[in-house]
Each structure stands twice: as C-alpha cells, then as structure tokens.
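Participant:
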Amino acid sequence: MNDLEKVSEDERGWIYRLRMPSGDREVIFIFTRKGFWRGGEYHKSTQHDFLIFGKLYWLRCLPLAGLEGHYAPESVWTKFVQDDSNPTYGFLSTLLKPFEGHVVRAEEDTLYVEWLDGLFEKTFIPEMRKRVDEQLKDKNR
Numbered sequence: 280m281n282d283l284e285k286v287s288e289d290e291r292g293w294i295y296r297l298r299m300p301s302g303d304r305e306v307i308f309i310f311t312r313k314g315f316w317r318g319g320e321y322h323k324s325t326q327h328d329f330l331i332f333g334k335l336y337w338l339r340c341l342p343l344a345g346l347e348g349h350y351a352p353e354s355v356w357t358k359f360v361q362d363d364s365n366p367t368y369g370f371l372s373t374l375l376k377p378f379e380g381h382v383v384r385a386e387e388d389t390l391y392v393e394w395l396d397g398l399f400e401k402t403f404i405p406e407m408r409k410r411v412d413e414q415l416k417d418k419n420r
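Residue numbers (this note's numbering): 280 to 420.
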C-alpha cells in the first residue's frame, strides 16, 4: 500500500509525500499560499513539477561549468511564470535538470506536484534559500 504522510504545515501552506511501494520513488504534493517562497535548492537528479492550480514565479540557474554548487549571480538567473489560466501560453509542467538551482514564489494560492528521477535529496543554495529564510524569520517576529 502507498503511504501518504504529512511532511510539514506552516503559514506557507502544507506538503504531503506519497511513497511508492518500490521505496525508490516518492511524489510530493505542495500547497503554497499567495506570496510565499519555497525551495532555494538543487537536486542531483532530474526534478519534474506539475501545476494543478495557481501561479508560480520561478527563479532557476544551472551551476557554473564544472563547479557543482557554484552559481552565477542573480542577474543572469532564468525567471518565468508558470500559470494554469492559459495552458497554451502557460506551463503546466516543468523539468529541472540535475543540479539546477531553483526557488519559487506563489503568485496566488497554488498546488503543484513534484517528483525526482532518483531518491529524494536536496542541497540548499544560500543565495536562493535566503528568500525563504528571510520570509520565515519575518513571520516569526
């Protein structure tokens, strides 16, 4: 039997994980309230995301050539909006390459699903993660 478990819930929303019977895969369901950031990390395997509803603002960046964990300045990060309102022009699904740094902000209440091609792991990128950490710190004051 597959096991659905709550990973976390806070002012940003909630995250649930569904583990596959094989034990080598899991699917993550992420609900994020408008205005909140998530992520600020990279994974060693390809990440797939599928937008169920809402709108996400993405910041993404590949590592500098041959330098795992080292990224270009924010001025050259890729920025785009993933939106469910117009699938012809929006992106309902997206793919992140191994080691591609990413952080997202919900532009409206948003639910999306993500999974990795490999086992789940993550490494935070301080330049990206600071958005999440600063927002959480401000909310806890």
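Even for Gly, the Cβ is constructed at its ideal location relative to N, Cα and C.
Predicted model, so just to flag it, every value in this text is computed and none were measured.
Would DSSP call Glu284 helix, strand or coil?
Facilitator: strand
Participant: Are Glu288 and Arg296 closer than 7 Å when you measure CB to CB?
Facilitator: It is not a contact, given that the beta carbons lie outside the stated cut-off.
Participant: With a threshold of 7 Å on Cβ separation, who are the neighbours of Gln414 within its own chain once the five nearest residues in sequence on each side are excluded?
Facilitator: Phe315 and Trp316
Participant: Is Leu338 near Lys358, with beta carbons less than 7 Å apart?
Facilitator: yes
Participant: Going by the beta-carbon positions, is the gap between Leu341 and Glu387 smaller than 7 Å?
Facilitator: no
Participant: Measuring straight from C-alpha to C-alpha, what distance separates Asp282 and Lys416?
Facilitator: 32 Å
Participant: Measuring CB to CB, does Val382 end up less than 7 Å from Gly318?
Facilitator: yes
Participant: Measuring only the C-alpha atoms, how far is Val360 from Pro300?
Facilitator: 34 Å
Participant: Against chain B, does Arg410 count as a neighbour if the rule is that its beta carbon must be under 7 Å from one of theirs?
Facilitator: In the structure shown, chain B does not exist; there is a single protein chain.
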